[in-house]
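Student: Under the numbering used here, read the sequence shown as residues 405 to 572, first letter to last.
Let me give you the structure first, and then I'll get to my questions.
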Amino acid sequence: MTVLKYLQAYPASLQEQVRQMIAGGRLGDYLAQRYDGHHTIQSDKALYAYVMALKQEHLKNAPAIDKVLFDNRLDLTHRALGLHTTISRVQGGKLKAKKEIRVASLFREAAPQFLQMIVVHELAHLKESDHNKAFYKLCEYMLPDYGQLEFDLRLYLTWKDLQAGAPA
Numbered sequence: 405m406t407v408l409k410y411l412q413a414y415p416a417s418l419q420e421q422v423r424q425m426i427a428g429g430r431l432g433d434y435l436a437q438r439y440d441g442h443h444t445i446q447s448d449k450a451l452y453a454y455v456m457a458l459k460q461e462h463l464k465n466a467p468a469i470d471k472v473l474f475d476n477r478l479d480l481t482h483r484a485l486g487l488h489t490t491i492s493r494v495q496g497g498k499l500k501a502k503k504e505i506r507v508a509s510l511f512r513e514a515a516p517q518f519l520q521m522i523v524v525h526e527l528a529h530l531k532e533s534d535h536n537k538a539f540y541k542l543c544e545y546m547l548p549d550y551g552q553l554e555f556d557l558r559l560y561l562t563w564k565d566l567q568a569g570a571p572a
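The structure is reproduced here in structure tokens:
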């Protein structure tokens with residue numbers, strides 16, 4: 405039985421459906437049918453503009469973001485697809501906090517919906533630090549099909565592992 409490391413929190417019946425798709429060679433077709441194409445956001449500057457537009461649309465009162473970039477060091481081995489950080493520095497007599505969002509570089513080649521899902525996830529952390537009910541409610545507010553996209557992103561990561569020859 406194939407262990408589905410990205411889908412372990414989902415019900416066994418759903419995992420079995422995914423195993424059947426993998427066994428039948430249909431997982432890639434499912435993803436290609438639902439998520440055709442790649443986005444055009446390739447530079448850190450374009451990613452910053454994209455993140456700021458989403459923030460302005462949904463979280464106008466959230467703290468400012470100082471830096472947004474694609475990060476080559478973020479990968480699945482660290483279980484991080486995106487990171488939000490706050491760096492505090494003392495400048496003169498004041499404490500300054502700078503907020504950063506880093507998105508794993510693998511999303512340069514992903515479907516636009518997956519990039520949007522990761523950005524929404526990291527933006528939600530500006531308001532809610534924990535993955536609690538309020539956090540997911542905020543994600544759904546910013547991206548109404550967030551739950552389905554998160555699941556499909558996990559399918560995409562499983563498919564990427566299978567393509568690379570790694571255990572799913």
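Positions of the beta carbon are idealized from the N, C-alpha and C atoms, including for glycine.
Rounded to a whole number of angstroms, what is the C-alpha to C-alpha distance between L418 and K500?
Tutor: 46 Å
Student: When DSSP builds the beta bridges, which residues end up paired with K498?
Tutor: Q495
Student: In this structure, does DSSP put A450 in helix, strand or coil?
Tutor: helix
Student: Identify the continuous alpha helix (DSSP H) that holds P548 and give its terminal residues.
Tutor: P548 -> no alpha helix (DSSP H), and no H or E assigned at all.
Student: Looking at the structure shown, is P516 part of a helix, part of a strand, or coil, going by DSSP?
Tutor: Here P516 sits in helix by DSSP.
Student: Helix or strand or just coil, what does DSSP make of T562?
Tutor: Assignment of T562 by DSSP, reduced to helix, strand and coil, places it in the helix class.
Student: Going straight from the alpha carbon of H525 to that of G496, what length do you get?
Tutor: 34 Å
Student: Going straight from the alpha carbon of Y560 to that of F518, what length do you get?
Tutor: 9 Å
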